[in-house]
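Here's the structure we're looking at; comments come further down.
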Amino acid sequence: MKIGVLILEGPYQHEAADTAYHFIKAALARGHQISGVFLYTDGVNNANGYIKPPGERNIAQRFSELAGQGIDVIACTACARFRGFRPDMLAENVKLGGLGALAEYIREADRFVTFGD
Amino acid sequence: MAQKVAVLMRKAPYGSVYTAEGLRSIMGIGVFELDISVIFVDDGVYALVKGQNPAALDMKPLGDSFPMLSEFGVTRFYVHEPSLRERGLTPADLVMEAELLDDEGVARALKESGVILPF
Amino acid sequence: MLYMVNKSPLMYGSLKSALRIAQAGDPILLYEDGVYAAAQGAASEGLIREALQRHPVYVLQADVEARGLSRLVEGVQTVDYAGFVELVEQHHVVPWL
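Residue numbers (this note's numbering), protein chains in the order written: chain R, 1 to 117; chain V, 1001 to 1119; chain D, 2001 to 2097.
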């Protein structure tokens, strides 16, 4: 199956990005494809490549690694602007993009799951 | 056939960003051949109340934007009638006409869509 | 449809609201703070017992363990993330955020 994912909360503040990550890993392990991960609203902060949590899980790195495996991970361009998130702050392999990407992930997916507050 | 999407609005406007972003996402994805319906349940019905004026907050008013979504091809609006009633509201208090649904009606509208975007 | 609830029922109305809309047979997944609803002896126990009459109710194991919930209401089933994915394979998803 193809599964699309939308994340509406940022890292550490809320469990949403953690749940999304563990869900995606489990979906991949069960042989599913991810049509894409769209980071929306505060969710864009999960793509901040400068995140360096001392002695803790690195949430940005998780999504960077997923993107490195060829999964589309896109952070909303407008949301990034609203949050002073510059393109050069993006974690490796993660890209900025518009809501057209979200529409595409929805269209391609057999299932679509949103994680948020 | 266009993929059906239901935007499920359960949160109240202004106190958090979700109503505004739900609205923006509808405009953003509405142009990409998706068949979108909007369902207002629980505090989500407050998004449609007449007379919203967030000028003192220096925010943009949200309510009047929903009727304008028809420009993006979005014409199916559903309101959970019990949520309205529990908030002391009637359809006359809303900025637009919407189809009133009971519990089962909301369940059916969600089921028809398959993809649910919650805001 | 798989109804997903992630809030404690003693702080928020989302479980009650989801149960009002969900149709008989629709599975309910409690995850994140939603798992507190399945705690035995909590004030929400009646709500869960009622839910179990109409729905399969699942809790996400990692969230249960993280919160130290050792006693769950009888009849509530535990799933790991793979089980969560399996539920998503079988049903479209309604995140009741």
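Quick reminder that beta carbons are idealized off the backbone N, C-alpha and C, glycines included.
Secondary structure of residue i, DSSP reduced to three states
| i | result |
| --- | --- |
| V:THR1118 | Reading off the sequence, residue 1118 of chain V comes out as Pro, not Thr. Strand at V:PRO1118. |
| D:TYR2003 | strand |
| R:HIS22 | helix |
| R:TYR105 | helix |
| V:GLU1099 | strand |
| D:ALA2022 | coil |
| V:ALA1002 | coil |
| V:PHE1066 | coil |
| R:LYS95 | strand |
| D:LEU2030 | strand |
| R:ARG57 | coil |
| V:ARG1108 | helix |
| D:SER2017 | helix |
| V:VAL1074 | coil |
| V:ASN1053 | coil |
| R:GLY10 | coil |
| V:THR1090 | coil |
| V:LEU1084 | helix |
| R:PHE85 | coil |
| R:SER35 | strand |
| R:ARG111 | strand |
| R:GLY116 | coil |
| D:LEU2010 | coil |
| R:GLY70 | coil |
Whether residue i touches residue j by CB criterion (8 Å)
| i | j | result |
| --- | --- | --- |
| V:ASP1102 | V:GLU1081 | yes |
| R:GLU9 | D:GLU2032 | no |
| R:VAL5 | R:ILE34 | yes |
| R:ILE59 | R:ALA17 | yes |
| V:ILE1039 | V:GLY1030 | no |
| V:LEU1034 | V:ALA1055 | no |
| R:GLY100 | V:PHE1072 | no |
| D:MET2001 | V:LYS1111 | yes |
| R:GLY116 | R:GLU92 | no |
| R:LEU39 | R:ILE7 | yes |
| D:SER2044 | D:LEU2072 | no |
| D:VAL2088 | R:ARG107 | no |
| V:PHE1119 | V:MET1009 | yes |
| V:LEU1023 | V:LEU1062 | yes |
| D:VAL2005 | D:GLY2034 | yes |
| R:ALA26 | D:VAL2085 | yes |
| V:VAL1007 | V:LEU1117 | yes |
| R:ILE3 | R:ALA109 | yes |
Cβ-Cβ separation, residue j to residue i (assumed contact under 8 Å), whole Å
| i | j | result |
| --- | --- | --- |
| D:VAL2057 | D:ALA2051 | 6 Å |
| D:GLN2061 | D:THR2078 | 5 Å |
| D:SER2008 | D:TRP2096 | That pair is no contact at about 13 Å. |
| D:TYR2012 | R:HIS22 | Not really, about 23 Å apart at Cβ, beyond 8 Å. |
| R:VAL44 | R:CYS76 | 6 Å |
| V:VAL1106 | D:ILE2021 | 5 Å |
| R:GLU104 | R:GLY36 | 7 Å |
| R:LEU96 | R:LEU90 | 7 Å |
Among the options, nearest to residue i - alpha-carbon criterion
| i | options | result |
| --- | --- | --- |
| V:ASP1043 | V:ALA1055, V:SER1065, V:LYS1060 and V:PRO1013 | V:PRO1013 |
| D:ASP2063 | D:GLY2075, D:ALA2037 and D:ALA2042 | D:ALA2037 |
| V:SER1065 | V:ALA1056, V:VAL1079, V:VAL1049 and V:ASP1058 | V:VAL1049 |
| V:THR1075 | V:GLY1028, V:PRO1061 and V:MET1096 | V:MET1096 |
| R:ALA80 | R:GLY68, R:ALA47 and R:ILE106 | R:ALA47 |
| D:VAL2093 | V:VAL1115, V:ALA1107, V:ALA1092 and V:ARG1024 | V:VAL1115 |
| V:ARG1108 | D:LEU2010, D:ALA2024 and D:LYS2016 | D:ALA2024 |
| R:ARG57 | R:PRO87, R:ILE7, R:ALA91 and R:PRO11 | R:PRO11 |
| V:VAL1045 | V:SER1113, V:GLU1099 and V:GLU1104 | V:GLU1099 |
| V:TYR1078 | V:MET1059, V:VAL1041, V:THR1090 and V:ASP1093 | V:VAL1041 |
| R:GLY49 | R:THR41, R:GLN61, R:GLY36 and R:ASP42 | R:GLN61 |
| D:LEU2083 | D:ILE2028, D:ALA2042, D:ARG2049 and D:GLU2074 | The sequence shown places Gly at residue 2083 of chain D, rather than the Leu named in the question. If we check each option's Cα against that of D:GLY2083, D:ILE2028 comes out closest. |
| V:GLU1021 | R:PHE63, R:MET89, R:ASP42 and R:TYR105 | R:ASP42 |
| R:ILE74 | R:ALA109, R:HIS32 and R:SER64 | R:SER64 |
| D:GLY2068 | D:TYR2003, D:ALA2018, D:ALA2039 and D:SER2017 | D:ALA2039 |
| D:HIS2091 | D:ASP2026, D:HIS2055 and D:LEU2019 | D:ASP2026 |
| R:LEU66 | R:VAL94, R:ALA109, R:ILE3 and R:GLN13 | R:VAL94 |
| D:ALA2066 | R:MET1, R:LYS2, R:THR19 and R:ILE3 | R:THR19 |
| request: Write down every uninterrupted run of the alpha helix (DSSP H) in the stretch 1010 to 1044 of chain V whose length is 4 residues or greater and which is fully enclosed by it, in chain order. | output: Annotation note: the stretch 1010 to 1044 of chain V contains the following uninterrupted alpha helix (DSSP H) runs of length 4 or greater, listed N- to C-terminal: 1018 to 1030.
| task | Starting from the N-terminal side, write out each stretch of the alpha helix (DSSP H) that is 4 residues or longer and does not extend beyond the stretch 2043 to 2096 of chain D. | result | Taking only runs of at least 4 residues, the alpha helix (DSSP H) segments lying wholly in the stretch 2043 to 2096 of chain D are 2045 to 2054, 2061 to 2066 and 2081 to 2090.
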